[in-house]
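>
There are 4 protein chains.
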Amino acid sequence: MKEYQKRIEHIKVHSDMTVDELIREFGKCGVFGAGRVAEAVDIFYEMVSREDTTTYLGLAGALVPGGMRRVITDLIRDHLIDVLVTTGANMVHDMIEAFGASHYRGSAIVDDAELYRLQIDRIYDVFLYEKNFSMYDERFIELLDDLPSRQMSIREFLYEVGKRIDDPNSILRAAADEGVPVFCPAISDSAIGLDVWRFKLKHGPTFFVEAFADLDDFMEIVRKAKRNGAIMLGGGVPKNFILQAMIVVKRGGYDYAVQITMDRPEPGGLSGATLEEAKSWGKVSGRARAVQVIGDASIIFPLMVAAVRERLAQSKPRR
Amino acid sequence: MKEYQKRIEHIKVHSDMTVDELIREFGKCGVFGAGRVAEAVDIFYEMVSREDTTTYLGLAGALVPGGMRRVITDLIRDHLIDVLVTTGANMVHDMIEAFGASHYRGSAIVDDAELYRLQIDRIYDVFLYEKNFSMYDERFIELLDDLPSRQMSIREFLYEVGKRIDDPNSILRAAADEGVPVFCPAISDSAIGLDVWRFKLKHGPTFFVEAFADLDDFMEIVRKAKRNGAIMLGGGVPKNFILQAMIVVKRGGYDYAVQITMDRPEPGGLSGATLEEAKSWGKVSGRARAVQVIGDASIIFPLMVAAVRERLAQSKPRR
Amino acid sequence: MKEYQKRIEHIKVHSDMTVDELIREFGKCGVFGAGRVAEAVDIFYEMVSREDTTTYLGLAGALVPGGMRRVITDLIRDHLIDVLVTTGANMVHDMIEAFGASHYRGSAIVDDAELYRLQIDRIYDVFLYEKNFSMYDERFIELLDDLPSRQMSIREFLYEVGKRIDDPNSILRAAADEGVPVFCPAISDSAIGLDVWRFKLKHGPTFFVEAFADLDDFMEIVRKAKRNGAIMLGGGVPKNFILQAMIVVKRGGYDYAVQITMDRPEPGGLSGATLEEAKSWGKVSGRARAVQVIGDASIIFPLMVAAVRERLAQSKPRR
Amino acid sequence: MKEYQKRIEHIKVHSDMTVDELIREFGKCGVFGAGRVAEAVDIFYEMVSREDTTTYLGLAGALVPGGMRRVITDLIRDHLIDVLVTTGANMVHDMIEAFGASHYRGSAIVDDAELYRLQIDRIYDVFLYEKNFSMYDERFIELLDDLPSRQMSIREFLYEVGKRIDDPNSILRAAADEGVPVFCPAISDSAIGLDVWRFKLKHGPTFFVEAFADLDDFMEIVRKAKRNGAIMLGGGVPKNFILQAMIVVKRGGYDYAVQITMDRPEPGGLSGATLEEAKSWGKVSGRARAVQVIGDASIIFPLMVAAVRERLAQSKPRR
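Same order as they appear, the protein sequences are chains A, B, C and D.
Following the numbering used here, the numbering of the first sequence begins with 54 at its first residue and continues without gaps.
Following the numbering used here, the numbering of the second sequence begins with 54 at its first residue and continues without gaps.
Following the numbering used here, the numbering of the third sequence begins with 54 at its first residue and continues without gaps.
Following the numbering used here, the numbering of the fourth sequence begins with 54 at its first residue and continues without gaps.
#1: Since Ile176 of chain D is in the beta strand (DSSP E), which residue starts that stretch and which ends it?
#2: Beta-carbon of Lys303 of chain D versus every beta-carbon of chain C: anything under 8 Å?
#3: Please report the distance separating the alpha-carbon of Val66 of chain C from that of Val124 of chain B.
#4: Alpha carbon to alpha carbon, how far is Trp334 of chain D from Ala343 of chain D? Give it in angstroms, no decimals.
#5: With 8 Å set as the bound, which would you pick, yes or no: does the beta-carbon of Pro234 of chain A sit closer than that to a beta-carbon of chain B?
#6: Quick one: give me the first and last residue of the beta strand (DSSP E) that Thr108 of chain A is part of.
#7: By the three-class DSSP mapping on this structure, what secondary structure does Leu181 of chain A have?
#8: CB Gly282 of chain C to CB Tyr307 of chain C, shorter than 8 Å?
#9: So, under 8 Å CB-CB, Leu181 of chain A and His156 of chain A are touching, yes? Tell me the CB distance rounded to an integer number of Å.
#10: In the DSSP assignment, find the unbroken alpha helix (DSSP H) run with Ile274 of chain D in it and report its ends.
#11: Taking all protein chains shown into account, do 16 or more other C-beta atoms lie within 10 angstroms of the C-beta of Arg226 of chain A, making it buried, or fewer, making it exposed?
#12: Rounded to whole angstroms, what's the CA-CA distance from Ser206 of chain A to Glu263 of chain A? Just pull it up for me.
#13: Pick from D:Thr140, D:Pro355, D:Val346, D:Glu78: whose alpha carbon is nearest that of Asn293 of chain D?
#14: Pick from D:Asp95, D:Glu62, D:Ala113, D:Gln367: whose alpha carbon is nearest that of Pro238 of chain D?
#15: What ranges does the alpha helix (DSSP H) occupy inside the stretch 163–239 of chain C, keeping only unbroken runs of at least 4 residues that lie completely in it?
#16: Tell me the rounded alpha-carbon separation between Ser102 of chain C and Gly80 of chain C.
#17: Please say whether Asp73 of chain B and Ala350 of chain B have beta carbons closer to each other than 8 Å?
#18: From which residue to which residue does the alpha helix (DSSP H) around Ser351 of chain C run?
#19: How would you label Arg372 of chain D, buried or exposed, when you count the other beta carbons within 10 angstroms and need 16 or more for buried?
#20: Would you verify that the beta carbon of Phe354 of chain D is, or is not, closer than 8 Å to some beta carbon of chain B?
#21: Are Ala341 of chain C and Tyr309 of chain C touching if we call contact CB-CB under 8 Å?
#22: Please list, in chain order, the chain A residues whose beta carbon lies closer than 8 Å to that of Arg317 of chain C.
#23: Could you check what DSSP says for Val66 of chain C in three-state terms: helix, strand or coil?
#24: Lys332 of chain C and Tyr57 of chain D - do their beta-carbons sit closer together than 8 Å?
#25: Work out the CA separation of Gln345 of chain A and Ala142 of chain A for me, nearest whole Å.
#26: Quick check on Glu74 of chain A: does DSSP put it in helix, strand or coil?
#27: Might you give, ordered along the chain, the residues of its own chain that have their beta carbon closer than 8 Å to the beta carbon of Thr327 of chain D, omitting 5 neighbours on each side?
#28: Going straight from the alpha carbon of Gly111 of chain D to that of Ser324 of chain D, what length do you get?
#29: How many angstroms separate the CA atom of Gly257 of chain C from the CA atom of Gly215 of chain D?
#30: Chain A beta carbons: is any one of them nearer than 8 Å to that of Val275 of chain B?
#31: Within its chain, find whatever has a CB closer than 6 Å to the CB of Asp135 of chain C; leave out the 5 residues flanking it on each side and keep chain order.
#32: Does the Cβ of Lys184 of chain C have 16 or more other Cβ atoms within 10 Å, making it buried, or fewer, making it exposed?
#33: So, His132 of chain C versus Glu209 of chain C, is the Cβ gap smaller than 8 Å?
#34: For a contact meaning CB atoms closer than 8 Å, what does Phe85 of chain C contact in chain A?
#35: What is the DSSP secondary structure of Ser241 of chain C, counted as helix, strand or coil?
Next comes the structure, spelled out in structure tokens:
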């Protein structure tokens with residue numbers, strides 16, 4: 054076991070560290086969570102600094118209501134990610150803010166029946182006033198009325214929506230502006246779904262969204278890329294949708310893969326499955342640089358982005 | 054705090070206990086995980102023994118490859134669940150077995166790159182031979198060729214598939230036989246999606262599946278029911294899809310709700326969110342009987358089903 | 054990979070199952086949590102049905118306030134465990150009940166500042182009235198006054214305490230009666246510690262408990278046993294204390310090992326470490342039958358005990 | 054609910070951020086894990102910048118082999134912590150390095166039976182060569198021979214050990230130098246225990262360590278402090294030992310409390326219990342600033358220390 058000759062250098066912390074300086078200490082240590090975060094930063098940096106690599110961001114969980122909207126928009130605007138795969142809910146909360154409302158700091162230790170009476174929706178310790186949700190419903194249904202009356206894929210549908218959003222900090226708007234395709238396989242499983250249903254009750258079926266059509270586009274992107282790299286925040290549908298493409302494209306799997314999750318592997322679900330397991334399927338290459346960080350993405354991802362941006366600023370930027 | 058006058062009776066275990074006798078000991082104890090399992094059994098039993106309650110089963114994770122296929126088929130055949138909301142993957146693995154292949158007992162401590170060379174796909178400690186997956190792909194694509202050339206909802210698509218499966222132990226076949234609708238909002242995010250994509254590459258678009266159309270049917274079921282009860286195995290899209298309907302139907306939320314999950318609430322994602330949180334949204338009624346069991350569904354759900362079946366056998370059965 | 058030829062048989066559940074019949078279905082399935090519970094039952098049964106095996110029970114967490122006191126006392130009375138390693142807290146709560154008080158069913162969704170004002174101590178959803186805790190303090194300090202004025206090991210101290218408890222359902226009393234030694238390495242880290250401190254403030258140092266002395270006895274037990282088997286409920290000090298003995302006794306490690314835990318391995322702590330990791334140290338034998346069940350011990354352990362007792366009743370009992 | 058008027062400001066990340074600048078972005082966001090880390094930094098900073106507050110560090114898990122030794126030694130040297138409560142294992146691994154050996158970067162995906170043959174001990178992805186462990190045993194047993202032949206508390210024992218360690222980067226040596234008491238209630242549950250046992254086999258009982266004697270010193274420290282603040286890395290004995298003192302000292306509980314853990318509360322054990330629960334017992338004051346961060350301490354704690362050191366450098370330092 055010649056490979057295990059690397060001594061653990063103990064992390065040193067001083068009073069004047071940039072984020073990447075701390076991450077580099079994590080890297081000298083190289084073990085436990087700290088070592089994995091450092092590896093994740095190295096991988097993400099390599100992905101975004103190579104011209105030949107297409108970068109996919111998987112976005113599950115409630116990161117947009119939880120304060121990560123701007124981090125994602127800025128990555129899109131700076132072309133640090135090329136493809137977004139998301140849940141519907143994250144796009145709903147993007148639009149709630151785009152239409153002028155905010156999310157609020159609440160508490161997780163509350164009487165939820167009382168919140169219901171007060172018309173406050175809770176997402177762990179984030180509060181959302183129901184009146185703001187209703188405002189979003191109304192504005193979004195208006196927006197739907199302006200959509201082209203034709204058959205679309207989900208990606209095309211979200212592009213048409215994004216074009217019609219004014220807020221430059223909107224994820225959907227930024228993606229539409231920058232040519233970043235947004236995939237959302239479970240779109241009906243969100244307030245977008247509920248509002249399309251309401252819209253059709255009133256207006257009848259003016260547009261049609263085909264459930265399988267996105268696979269053409271997604272496969273084409275994967276196939277064209279010289280190298281593919283995935284950053285997955287949480288698991289869920291975005292993780293699986295990103296990974297499954299490799300089974301048919303037969304590229305041997307992603308060349309880079311990072312997942313940040315708090316789910317565990319033992320109950321067998323894909324969200325908590327290791328990236329090692331993904332290698333057995335050919336979803337992640339056996340030669341890939343891959344790491345799974347067990348942690349809260351609201352902590353880990355901004356940390357990674359700050360370190361990667363610091364490295365990019367110190368080198369010749371990618372584009 | 055007058056309500057907290059109930060002493061904890063310590064669990065007694067003897068050598069001659071039926072499953073429900075043990076569950077009743079859990080109920081006398083009433084705290085920690087044991088107390089929650091006992092409450093889950095009471096709720097599930099009340100749901101299935103009331104004529105006026107529509108029962109929804111949410112099926113996330115990898116429970117079908119993990120050995121729970123028959124438990125679910127039997128619940129459908131015995132009309133103990135009325136609606137199934139599932140991931141695509143669980144239906145894929147249902148078809149793999151329906152088409153004659155098996156899943157195998159493997160190990161989670163393996164060299165996944167070696168498994169890839171051996172053409173074995175791993176799902177935690179379940180192994181699937183790639184040749185069996187290919188057999189499924191071929192058979193399923195053949196089956197697709199027989200589907201009606203028209204626009205369908207995802208539910209209709211899965212009904213058409215289910216009707217064409219011979220195996221009586223198949224979940225999809227049982228659901229088609231027994232009139233249990235199967236919803237699968239993220240259907241393109243599975244081998245079903247990949248195979249439809251392959252099929253269309255070869256045959257062009259013969260059928261057309263609308264992404265939002267299922268909401269009509271699902272809302273109608275929820276609206277018509279006098280009482281609604283949800284059993285959610287894992288979280289993911291099935292949990293959210295079941296719960297979100299209440300936001301528009303405005304019934305005040307589910308009357309019964311049980312979730313079995315290993316996800317945690319703190320990172321803010323819906324899969325690990327408490328059922329209390331769902332009350333703030335009106336997804337679960339403030340007066341509902343609701344419990345979340347933190348555990349592996351492959352252990353907890355068969356335990357619950359065995360206890361509920363034992364109670365049903367001892368009372369006048371529901372139908 | 055010839056070993057992976059075992060098909061997964063899907064679990065079947067009917068209305069008339071004993072606990073072990075369900076566990077045997079789990080065993081036919083053989084994967085995920087269900088498979089691990091079945092393996093844990095097989096191991097526990099083999100341990101208790103072999104005359105040559107010494108059985109250690111590690112007891113961390115709050116299982117005694119959580120309703121498992123009787124399960125453990127009965128295992129001691131029936132000589133199904135030979136050695137108990139515990140936290141101090143579990144013995145404190147054993148004495149609270151032995152002295153006539155109860156624990157109560159509470160709730161985990163409460164205002165803890167209000168509970169403090171009401172003088173209710175909370176252990177997740179278990180409530181304990183502070184007045185009952187004070188009664189225990191008083192009774193236990195009285196009991197201490199009766200202890201022999203000499204140097205003791207912690208094991209001897211707990212034996213002397215156990216002999217002075219009247220309640221036959223007490224774990225400490227049963228252990229004293231049945232010759233089951235009770236080890237509690239962190240004894241000062243509990244109300245026992247606090248009460249000994251109070252006692253000495255009043256009475257001065259009448260007895261003297263040596264912190265390291267237990268290792269003599271524990272090593273001797275491990276050394277004398279032909280085979281050693283450990284059941285560990287939770288992790289903590291009991292897990293480590295049980296396992297570490299093998300490092301010096303050099304028996305190659307435990308022959309049987311079962312751990313039930315909800316802790317995870319990735320942050321590196323011993324409580325969540327896998328039993329595989331223990332093999333690298335020689336704590337668990339490379340040839341051991343060993344399984345770690347990810348689950349709540351209040352659910353899993355009574356399930357295991359019920360199945361093992363059912364098997365014992367059907368075979369020639371051990372003693 | 055007037056208090057919930059604070060809008061969530063989305064985190065902004067740029068290419069030139071110090072660690073505390075990022076933490077301040079987390080604080081503007083204020084929710085999910087990011088918000089909790091920001092709150093933990095605020096609390097830790099307030100603790101160390103107030104002259105009247107005694108700071109306790111609880112150290113569970115395997116943080117010393119995992120690369121955090123230097124972080125802790127430096128906190129002791131700079132008098133940013135006043136009291137250390139630890140597991141035995143962390144002090145063992147401190148001595149292994151003090152005696153000249155290192156820990157190595159390994160892997161968690163290995164054949165542990167093979168590691169056993171290679172005489173490599175594994176702690177998740179940290180490797181330790183057994184020959185280095187044996188070197189430590191030998192050196193430590195030599196050191197024990199030099200200890201005073203008298204009765205000691207565990208704290209005194211560890212002080213006597215610390216004084217005899219040469220390495221200035223040693224936690225035990227730094228604590229001895231700086232007058233920081235080290236408490237280790239479960240000391241026999243570690244290689245320290247095993248080596249004392251070996252030593253006594255050879256040399257007979259030359260010194261005696263009293264199991265309960267530390268409580269005098271610890272209570273005195275808690276009682277004397279005007280304000281008390283606890284930072285708990287992991288749970289286990291250190292968490293409970295720190296918190297339990299308040300039950301007798303009756304100060305109403307800690308004024309500041311931060312815990313970093315990956316354990317969960319639902320199974321009822323203290324390690325995963327919320328700090329809210331601790332308020333019901335009076336362990337943490339109802340008016341305390343307290344936060345529990347769900348995360349890997351090897352990531353979260355250096356992040357916190359870097360931010361606190363940055364703030365201290367920008368203000369008038371404490372001492």
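Just so it is clear, CB atoms sit at the ideal spot from N, CA and C, and this is done for glycine as well.
Considering the structure as presented:
#1: 173–176
#2: no
#3: 6 Å
#4: 15 Å
#5: no
#6: 106–112
#7: strand
#8: yes
#9: 6 Å
#10: 267–277
#11: buried
#12: 5 Å
#13: D:Thr140
#14: D:Ala113
#15: 165–171, 183–198, 207–216, 224–231
#16: 19 Å
#17: no
#18: 350–367
#19: Low confidence applies here, because Arg372 of chain D scores a pLDDT of 47, under 50, leaving its location unreliable; read the following figure in that light. Arg372 of chain D should be labelled exposed.
#20: no
#21: yes
#22: Arg317, Ile347
#23: coil
#24: no
#25: 24 Å
#26: helix
#27: Pro318, Gln345
#28: 12 Å
#29: 29 Å
#30: no
#31: Thr107, Thr108
#32: exposed
#33: no
#34: Glu319, Pro320, Gly321
#35: coil
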